[in-house]
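Residue numbers (this note's numbering), protein chains in the order written: chain C, 1 to 238; chain V, 239 to 476; chain S, 477 to 952. All C-beta atoms in this analysis are idealised placements derived from N, C-alpha and C, irrespective of residue type, glycine included. Here's the structure, in structure tokens; my notes come after.
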Amino acid sequence: MKVTLFATCLVDMFQSDVGKAVVEVLERLGCEIEFPESQICCGQPSYNSGYVEDTKNAMKRMITTFEDAEYVVSPSGSCAYMFHEYPHIFQGDPIWEPKAKSLAAKTYELTQFIVDVLQVEDVGAQLAGRATYHTSCHMTRLLGVKEAPMKLLKNVKGLEFSELSGKERCCGFGGTFSVKMGNISEQMVDEKVCNIEETGADIIIGADAGCLMNIGGRIDRKGKPIKVMHIAEVLNSR
Amino acid sequence: MNGMIQNRNVFLDKIANRLGRDRKTIVKRPEWAYHPQDEVLKNATQDELVDVLKEQCKNIHTDFVITNTAKLSDSLKEVVNRYGGGPVITWKDERFDQYGLTKLMKEEWPQDGVDLHVWNYTKKEENIEKANVANVGITISDITLAESGTAVLFSSKDKGRTVSFLPATSIIIIPKSSIVPRMTQAARIIREKVKSGEQVASCINFITGPSNSADIEMILVVGVHGPIKATYIVVEDL
Amino acid sequence: MAMKTSVEKFNDRVDKGLQDSFMRGAVSSAQERFQTRRLGAAEELGNWEEWRSHGEEIRQHVLDNLDYYLFELSENVSKRGGHVYFAQTAEEATSYIQNVVEKKNAKKIVKSKSMVTEEINLNAGLEKLGCEVIETDLGEYILQVGDHEPPSHIVVPALHKNKEQIRDVFKEKQGYKKTEKPEELALHAREKLRQEYLTADVGITGCNFAIAETGSITLVTNEGNADLVAALPKTQITVMGMERLVPTFEEMEVLVSLLTRSAVGQKLTSYITTLTGPKEGGDVDGPEEFHLVIVDNGRSDILGGEFQPILQCIRCAACVNACPVYRHVGGHSYGSIYSGPVGAVLSPLLGGYDDYKELPYASTLCGACTEACPVKIPLHELLHKHRQVIVEKEGRSPVSEKLLMKAFGLGASSPAMYKIGSKMASPVMSPFTNGNKISKGPGPLKAWTEAREFPAPNKERFRDWFKNRPKGGEQS
Ligand code: SF4
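As structure tokens, then:
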């Protein structure tokens, strides 16, 4: 099966290890990965700040980039959701609305793709440790991917789980919110990290680079011995 | 006499204008697409409804007593005693006689020194004074909602509103036949009356247990403005 | 108090909120209890999504036909002998009510909780006439006795106060002598207020839902205070926001079922009362005169536009209880009687961007509010729409942000620019980099690094790795 990877700008620039893990996991599952070089960013930072018109060019570029893809897969629920928003944003545009619709229809978040399309729940991963999982807001509430990550994680050998209290509560990232309302964001991420500590886990797993950058940055600042892993990295462990 | 209506036209014209159309003079109440309310306690028997009501009473800090017409008088007397006796205030309602309570109200209580005031609209304000100092207010439920444990009381000149609000405790007699699944059925009964040209009572009370508040630190306090305690007496053969 | 509750700047209000550790503890535990109860109540009811859709369709239908239903409502109130006054502005509403109060020569007025009367600053208008105005909802009473503090939550107005503070307020202002036990505090209020109901000349209530078909109003409380306010004084005035109505008893029932579950997790609250007109014939209790004041005050400007869905709101505060930002900053940070997500959408619409332009940004767009709303208002989308209006129609965003966003837009749409930018990121950031992280970021990164580390850009971008890796899927 041919999969076109939408890596996201955060992964491209800051977390290439996550990108590598995605490629390796999917290849192991028999997918052929393609990465169109012309992809940049889904446009969320400026779109969410209210610059809708100014963001449309970036979105159009992404639509064109993935026009010929069969499946578009992204290791970020938030960015995948953004593609699902495109039809709404280009509503009434005779050229771009239909194109946006077809992009949305073939775009999947990584775990959603593995579970729903590839119909795999055990990727054969192995990782020893005690972990907890943070459910990212956009992925869970807006994209509606609720079960897939846990289905996959349950089958990772050696991994034990502790439930994270308030796991559905936002970590305080919110893109530009984290700098625009830095003081509020700080309190939010601090509470999240405290909740993670309470679980006694030594690994915190998430499925969105933005949230993990935020949570990880706070853990690091507080000097806590908790490892931050993207779910792709967990699934790629053996 | 009809009341005055002021400023209506400009006000409504502006609304129609904002909605981008002329004023509407006919709107049919739509066929709603959803009817979730019909599913609640669907096909429950009358006995099952009594059980639901009984269970719900635990949630609403209300004592539940079940009895029959022959024993109603004793049950009522007992609950009033438990609440510390009179003064008692009741509606003027022939159902009390039909339910066999004449002897209790006209002979036994006077003998026992329990002061009873029966609502008498010709005495005007005196009724409210009596209600304000009463220890027990006794009313009869016109419709009873099993799901929420609610008694529906229709006011009239003989059925003063304050009998259920002002006394320190409240006893509501519930004929088993008055129990319906939920507020849906009550709303329909009321609407049927309206459609057949009957006037709705100037006050309809849906009363669910004693008054309470969680305004202080979210800690529940039972009995704020209205009754502090409440008992429902369900009469099985009515 | 008017809608605006503070003259302080947004950031100062937030700082104050963040430093108030009692308030934050109270809010977070209240949020958890509310959430648990709400979810429990929804689950117990079953078919919750269908209920929400039904609530939504009812509210949308009413808004789309608002002129018709308001007409019907006013006709039916009048037929039952009640007076109806349509007020386009806060001033019109207040002066009509002042008039009624003056004609009745009223000295004492009891009120049950009503956000719209706060919005139009009614109490001040009545106090100006020399009237004593007494709030009877326990939470509002506490705030009123304590020097008219603003509410911090639309359902639990005194959520930010603890019982010791409440005891002290009663002690200082009313010579209260007992302890801080909630039962004793409530009993104190009960005794004080009972006398007020019995001696008040006018009762003022809000309105949860008016019923067009019968000309009734519905009041929803747990305390029963609204019933006493409506039953005892000779004159009753009910003030309602113009959107708060339903066609018939049947729709009222649905919305009440959604409201009580979403607000407090109860199947029904202790008292739900529908009142129709003044008292009749031989009725002893109930008002002799009934006035219904229907208030626009900026609502019609919301109708017919992209923000119309906010008028579906039934003021349950489920969104407030779900909001992770409200959780930390508390209600007073919003500077409006309407706080939380609903406040962040509504306050700028009713009060203007001058006072409230920051509110739509006080959100991570996490969608918890939208998910909680029982009438399916897309709250986070409306917050985003506000941002769009602020940026694109009002041009109010800061220049530095505009430039940054322009640069971003350019970078994100031009591969050449992106290539330069992303390739340069690592060397450019290297002076700030310590190992694999940045602890003291420049420019916009500063706010980030005050609380957390920022990752150093990859030395090799993912795309470069992908291009250079051995092809064919061999393991690297
Ligand atoms: S916006 Fe929705 S959730 Fe918030 S108060 Fe209104 S009805 Fe309730």
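Ends of the beta strand (DSSP E) at residue i?
{"i": "Pro850/S", "result": "It is not in any beta strand (DSSP E) - Pro850/S carries neither H nor E in the DSSP assignment."}
{"i": "Gly679/S", "result": "Val678 to Thr681"}
{"i": "Ala569/S", "result": "First-last for Ala569/S: Ala566 to Lys579, but that is the alpha helix (DSSP H), not the beta strand (DSSP E)."}
{"i": "Ser74/C", "result": "Tyr71 to Ser74"}
{"i": "Pro413/V", "result": "Thr407 to Pro413"}
{"i": "Asn443/V", "result": "Cys441 to Ile445"}
{"i": "Leu159/C", "result": "Lys157 to Phe161"}
{"i": "Ile378/V", "result": "Val374 to Ile378"}
{"i": "Val730/S", "result": "No beta strand (DSSP E) holds Val730/S; the alpha helix (DSSP H) holding it covers Phe725 to Val740."}
{"i": "Thr259/C", "result": "No answer is possible for residue 259/C: it lies beyond the span of chain C, which begins at 1 and ends at 238."}
{"i": "Lys2/C", "result": "Lys2 to Leu5"}
{"i": "Ser692/S", "result": "Ser692 to Thr697"}
At what residues does the alpha helix (DSSP H) containing residue i begin and finish?
{"i": "Leu605/S", "result": "That residue, Leu605/S, is in no alpha helix (DSSP H); it is neither H nor E in DSSP."}
{"i": "Gly516/S", "result": "Ser497 to Leu521"}
{"i": "Ile786/S", "result": "Neither: Ile786/S is in no alpha helix (DSSP H) and is coded neither H nor E."}
{"i": "Lys227/C", "result": "Element bounds for Lys227/C: not the alpha helix (DSSP H) but the beta strand (DSSP E), Lys227 to His230."}
Can you tell me which of the options puts its alpha carbon nearest to the alpha carbon of residue i?
{"i": "Glu659/S", "options": "Gly387/V, Thr305/V, Asn281/V and Asn450/V", "result": "Asn450/V"}
{"i": "Ser136/C", "options": "Lys192/C, Ala104/C and Trp96/C", "result": "Lys192/C"}
{"i": "Arg928/S", "options": "Lys154/C, Arg221/C and Lys2/C", "result": "Arg221/C"}
{"i": "Ala128/C", "options": "Leu159/C, Asn214/C and Leu26/C", "result": "Leu159/C"}
{"i": "His804/S", "options": "Met499/S, Ala569/S, Leu721/S and Ile866/S", "result": "Met499/S"}
{"i": "Leu153/C", "options": "Lys167/C, Gly124/C and Met139/C", "result": "Gly124/C"}
{"i": "Glu269/V", "options": "Phe486/S, His530/S, Leu494/S and Val503/S", "result": "His530/S"}
{"i": "Ser873/S", "options": "Thr655/S, Asp830/S, Lys852/S and Ser898/S", "result": "Asp830/S"}
{"i": "Glu611/S", "options": "Asn599/S, Lys869/S and Leu605/S", "result": "Asn599/S"}
{"i": "Gln536/S", "options": "Leu614/S, Gln650/S, Arg720/S and Ala820/S", "result": "Arg720/S"}
{"i": "Leu250/V", "options": "Asp777/S, Ser733/S and Ser505/S", "result": "Asp777/S"}
{"i": "Asp475/V", "options": "Phe444/V, Ile457/V, Trp329/V and Lys414/V", "result": "Lys414/V"}
{"i": "Leu164/C", "options": "Ser16/C, Val18/C, Ser78/C and Cys194/C", "result": "Cys194/C"}
{"i": "Lys99/C", "options": "Arg61/C, Ala131/C, Thr132/C and Pro75/C", "result": "Arg61/C"}
{"i": "Asn319/V", "options": "Ser379/V, Leu391/V, Asn443/V and Gly351/V", "result": "Gly351/V"}
{"i": "Thr140/C", "options": "Glu847/S, Ala706/S, Met479/S and Gly819/S", "result": "Glu847/S"}
{"i": "Gly780/S", "options": "Lys252/V, Gln244/V, Gly241/V and Asn245/V", "result": "Lys252/V"}
With burial defined as no fewer than 16 other Cβ atoms inside 10 Å of the residue's Cβ, what is the status of residue i: buried or exposed?
{"i": "Asn306/V", "result": "exposed"}
{"i": "Lys20/C", "result": "buried"}
{"i": "Ile264/V", "result": "exposed"}
{"i": "Asn48/C", "result": "buried"}
{"i": "Asp208/C", "result": "buried"}
{"i": "Asn698/S", "result": "buried"}
{"i": "Ala80/C", "result": "buried"}
{"i": "Asn701/S", "result": "buried"}
{"i": "Pro348/V", "result": "exposed"}
{"i": "Ile896/S", "result": "exposed"}
{"i": "Glu385/V", "result": "buried"}
{"i": "His84/C", "result": "buried"}
{"i": "Ala506/S", "result": "buried"}
{"i": "Cys295/V", "result": "buried"}
{"i": "Gly671/S", "result": "Looking at the sequence provided, one finds Gln at residue 671/S rather than Gly. Exposed, by the Cβ-count rule."}
{"i": "Asp122/C", "result": "exposed"}
Does the segment 423 to 434 of chain V come close enough to the segment 722 to 732 of chain S that 3 or more CB-CB pairs lie under 8 Å? yes
Do the segment 853 to 870 of chain S and the segment 801 to 811 of chain S meet, that is, are 3 or more Cβ pairs less than 8 Å apart? no
Contact the segment 677 to 696 of chain S vs the segment 738 to 754 of chain S: 3+ CB pairs below 8 Å: yes
Please determine if the segment 56 to 69 of chain C and the segment 910 to 922 of chain S are in contact, where contact requires at least 3 C-beta pairs separated by less than 8 Å. no
Assess, as a yes-or-no matter, whether the segment 283 to 302 of chain V is touched by the segment 412 to 421 of chain V under the definition of 3 or more beta carbon pairs within less than 8 Å. yes
Quick check: the segment 167 to 183 of chain C against the segment 206 to 220 of chain C, are at least 3 beta-carbon pairs closer than 8 Å? yes
Does the segment 830 to 846 of chain S touch the segment 541 to 550 of chain S, meaning 3 or more C-beta pairs lie closer than 8 Å? no
Should the segment 259 to 266 of chain V be called in touch with the segment 517 to 530 of chain S, which here means at least 3 C-beta pairs below 8 Å? no
Touch check for the segment 609 to 625 of chain S and the segment 786 to 801 of chain S: three-plus C-beta pairs under 8 Å? no
Within 8 Å, do at least three Cβ pairs link the segment 705 to 714 of chain S to the segment 491 to 509 of chain S? no
Using a Cβ distance threshold of 8 Å, determine whether the segment 91 to 110 of chain C contacts the segment 28 to 41 of chain C, with at least three qualifying pairs required. no
At least three beta-carbon pairs within less than 8 Å, the segment 641 to 650 of chain S to the segment 673 to 681 of chain S: no
Is there contact between the segment 764 to 782 of chain S and the segment 569 to 576 of chain S, where contact requires at least three CB pairs shorter than 8 Å? yes
Say whether the segment 781 to 788 of chain S touches the segment 454 to 468 of chain V, bearing in mind that this needs 3 or more beta-carbon pairs closer than 8 Å, one atom from each stretch. no
I'd like to know if the segment 440 to 448 of chain V and the segment 653 to 668 of chain S are in contact, where contact means that at least 3 CB-CB pairs between them fall below 8 Å. no
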